[in-house]
Every structure is written in structure tokens, then in C-alpha cells.
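According to our numbering, the residues represented by the sequence shown are 805 to 1129, in order.
Glycine residues also receive a C-beta, built at the ideal position from the N, C-alpha and C atoms.
Read the structure below first, then the notes.
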Amino acid sequence: MDWGAILGNTLAALLSPVTIAYALAATGLAVHFGFTGLLNFGMAGFMALGGYGYAISVLSFGLPWWLGMIIGLLLAAVFAVALGIPTLRLRADYLAIVTIAAAEIVRLLFTTQVFDEFTNSADGLGGYHDGFRSANPFPSGTYGFGPFTYNEQELWMRVFGLLMLALAIFVVWALMRSPWGRVLKGIREDEDAVRSLGKNVFAYKMQSLVVGGVIGAMGGIVYVLPSAVVPSSYTTSLTFFIWTILLLGGAATIFGPSLGAIIFWMVMALLGNLLPELASAGYLPMSDIQAGTLRFILVGVALMLLVIFRPQGILGDKREMTFVK
């Protein structure tokens, strides 16, 4: 087995745009669930709106790349308001059902041929990269070392994504230390008690949904920077991966989502390279393709064990997790 290639591919996942995008989305989900107690299973919808809003703004309307990103974030905020008005008074389990359905509605809208002029339906969108790439401040060349070697465009994508992630982490940290953040935590623990103090619980939930949704949409934008926007990327499995990352790192933490994203995608990269190699060498009684699929089973089992034995995650505090009371 080529252990050098396996190790290199695993380390490369540390700073991949996918890892950064999922860290952003999980940070937004931490605002929803970890700090407010909103059981949102529709983060894929927010990511799709961010990615499509950015791509359509650039391709169909010729807007600058930065303005396209702002429009993607605004679309996510509008979606949060439209989703929150009829649903935020629902109980947690009903809210989960509604949000996962809403995300599927968003994905199916992008696949329908009614909007084919803008979305290209199931084929997705590409070719919107020129504006972003022309803003690259790094000269042409190769940067880094070993598995962290990038050309100027790859470096620019990662630097931009990390800057957005750092900004999101700082905003969440500042908000959760403010009186507004303390109200959210109170709602998570006992919203009736918060309501008895004269706070508008519905308004705070709505604000939390918007803030977390916008951060998730930023993750959706970073997610599509390397290649294209494809509607099949925004299935329910995307949301479940984000939940796995959140629970792994710690739902009610600031840095937990980022740590969870790094661990999750490095483990996925390790298993995705190691298991097929073991199958090819005859150590596993299955084909290479079956061995590649086995990693999802192992990750699912690991998530079950995590929820059972350490539901607060790696960085979390068990006293802050409402679902283990």
C-alpha cells in the first residue's frame, strides 16, 4: 500500500474548500441548535441558496462576484424569514420535519425546467469563476509544501474561505457573549421562563434562524468556489454530514464546528483511501467500490457511539445539551 499517498490525501483534507465550507455551515447550525435549541434539518437549503444566488447573479445578471455573494446571503436571510414565520412556533420534532422538507423543496426548485434559463436545471451551473479569480491578490506560482501545495487560485480559495470562517467564528463568539446571546441560551433551556420575563421568544428565534442561515449560505458559497453548482449536491445527506460535524465537535461551542469539520473530512479522506487499498490487497472480502462505501457505515456507527457516550462532543459541556436532560 502507498502509505505516502494515503497520508498525503488525508492531510490535504485539512485545508480543503469542502472542509472550510462544512465548518461554516456547522457554525451556522450551532447558532440554530447549539445556542437556540432549534432542530433545523434544512441547512442544505441555505447552502443551496447561497451557492445558486452567487452563481446566478454573476452568470445571468453580470454582477460583480462580491455583489453576487451578498445577494446569495440575502436570499438565505429571506428564506429564513419565510421559513420561520409559519414554523418557529412548532415543537422541535415538527420543526425538524418541516425544515428538511423545505430544503428538499429548494433543491427541487433548482432542478425543475421552469427556471432552466437561470438554473440550468439538473445540469447545474459553471463558468462563474472569472470575477473571483481576477480578484486574486497572489501572483502566479506554487505555494506551500508537501500535501499543502497549491497554485495561486487554489491558495486564494482557501485564504478567502478561512477569512470567512474566521469572521463567522468571531461574530458568533461576540453575539453569544452579548445579552442577545444569553437570551438565546435561555430559550434553549426553557423558553417559557424567558417568555415570562417579557422577551419576545418568536422574534429571538427568527433572528437566530436568519443569522445561522446566512452563515450557512456563506458555507454554500465557499463550497461552490472550486468547481460548479450542482443541485444533486444538496440532498439530505449534506445536512446529515453537517449534523455529524456539529455533534462531533460540540454543538454549543464556538470552535467545535470547525474542529468537527476537520476531523470528519480527514477521517473520510483516510478511510476513502485506506479501505479500497485494503480491499485490493485482499485484506477485506469486498470490491474497491464496496470498500469505499464502507466508510459511510463506519462513520454512521461512530456517530451513534458519539451520541450515546459523549453527546456534548469533543469541546462541549454536557450541561448545555438539552437533548440529554
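When the options are compared against residue i, the one with the closest alpha-carbon
i: L863; options: S1062, T923 and G1076; result: T923
i: G985; options: V1015, F964 and L1109; result: V1015
i: G935; options: Q1011, F949, W869 and P943; result: W869
i: F883; options: T903, A896 and F952; result: T903
i: F845; options: I909, L913, S820 and V975; result: I909
i: G931; options: F1044, V1028, L1088 and G1120; result: V1028
i: G1137; options: M980, G849, G1053 and I1019; result: Examination of residue 1137 is not possible in this model, given that the chain is present from 805 through 1129 alone.
i: L913; options: G849, P1030, R937 and L1042; result: G849
i: F839; options: L988, A970 and L1001; result: L988
i: H933; options: M847, R911, V835 and V1033; result: V1033
i: L979; options: S1031, Y1008 and S944; result: Y1008
i: M873; options: F1113, G1020, L1042 and F1044; result: G1020
i: G854; options: L843, R911 and L1079; result: R911
i: A811; options: V1018, F1113 and E1081; result: The amino acid at residue 811 is misidentified as Ala; the sequence shows Leu. Of the candidates V1018, F1113 and E1081, the one whose C-alpha sits nearest the C-alpha of L811 is E1081.
i: G1017; options: L887, L819 and F1006; result: L887
i: R895; options: L843, S944 and P1089; result: L843
i: E921; options: L1078, A829, T823 and F865; result: F865
Cβ neighbours of residue i in the same chain (closer than 8 Å, five flanking residues each side left out)
i: I973; result: T831, I1058, F1059 and S1062
i: L871; result: S861
i: T1048; result: G1064, F1068, V1103 and L1107
i: A1073; result: N813, T814, A816 and A817
i: Y947; result: T953, Y954, N955, E956 and L959
i: L1051; result: G1064, L1107, L1110, V1111, P1115 and G1117
i: L892; result: L842, L899, F1006, K1009, M1010 and L1013
i: N1077; result: A809, I810, N813 and T814
i: F919; result: L913 and S925
Classification of residue i by the beta-carbon crowding that lies within 10 angstroms, buried from 16 upward
i: Y856; result: buried
i: S1012; result: buried
i: Q1094; result: exposed
i: F1127; result: At F1127, the pLDDT of 48 sits below 50, so the modelled position is not reliable and the matter cannot be decided from this model.
i: W977; result: exposed
i: T1039; result: exposed
i: L879; result: buried
i: A1056; result: buried
i: Y1087; result: exposed
i: P1097; result: The identity of residue 1097 in the sequence shown is Thr, whereas the question assumes Pro. Burial call: exposed.
i: S1037; result: buried
i: Y858; result: buried
i: A905; result: exposed
i: G965; result: buried
i: V835; result: buried
Beta-carbon contacts of residue i that lie in its chain and below 7 Å, excluding the five residues immediately before and after
i: L1075; result: R1099 and L1102
i: A926; result: T915 and P1035
i: S1091; result: A1083
i: F940; result: One point to set straight first is that residue 940 is Asn, not Phe, in the sequence displayed. Correct list, in chain order: E956, Q957 and W960.
i: G928; result: A1032, V1033, V1034 and P1035
i: A881; result: V1014, G1017 and V1018
i: Q917; result: S925
Rounded C-alpha distance that separates residue i from residue j
i: N1004; j: E993; result: 15 Å
i: F876; j: M851; result: Correcting the residue identity first, residue 876 is Gly in this sequence and not Phe. C-alpha separation (whole angstroms): 9 Å.
i: F837; j: V963; result: 28 Å
i: I1066; j: V1026; result: 15 Å
i: G950; j: S982; result: 42 Å
i: Q1116; j: L867; result: 43 Å
i: V1145; j: G808; result: Since the first residue shown for the chain is 805 and the last is 1129, residue 1145 is missing from the structure and cannot be characterised.
i: L967; j: P821; result: 12 Å
i: K1129; j: L971; result: Low confidence applies to K1129: its pLDDT is 39, below 50, so where it sits in the model is not reliable, and the reading given next is rough at best. Roughly 32 Å between the two C-alpha positions.
i: L1041; j: P1030; result: The question names Leu, but residue 1041 is Ser in the sequence shown. The alpha-carbon atoms of S1041 and P1030 are separated by roughly 20 Å.
i: F1006; j: F1113; result: 33 Å
i: L1001; j: L969; result: 34 Å
i: D897; j: T1043; result: 16 Å
i: N1105; j: V885; result: Checking the sequence shown, residue 1105 turns out to be Val, not Asn. Taking the straight line from one Cα to the other gives about 35 Å.
i: T823; j: S938; result: 24 Å
i: D996; j: P890; result: 19 Å
i: A907; j: A829; result: 14 Å
i: F942; j: P1089; result: 48 Å
Beta carbon proximity, residue i to chain C, threshold 7 Å
i: G965; result: Reference to chain C is not applicable here, since this structure consists of a single protein chain.
Contact set for residue i: own chain, Cβ-Cβ below 6 Å, skip 5 residues either direction
i: G990; result: V998
i: A825; result: G1023, V1026 and Y1027
i: L833; result: M847, I1046 and L1050
i: L819; result: R962
i: A827; result: L969, P1061, S1062 and A1065
heavy atom of the ligand COA below 6 Å from residue i C-beta
i: F839; result: Looking at this structure, you won't find the ligand COA or any other ligand, since it has none at all.
Practice task
At 4 residues or longer, and completely inside the stretch 937-1006: list those alpha helix (DSSP H) runs for me, N to C.
Solution key: 956-980 and 983-1000
Exercise for the section: Please list the segments of the alpha helix (DSSP H) lying wholly inside the stretch 1023-1079, counting only runs of 4 or more residues, in order along the chain. Expected result: 1040-1053
Problem - alpha helix (DSSP H) segments (min. 4 residues) lying fully within the stretch 832-910 - result: 847-863 and 869-891
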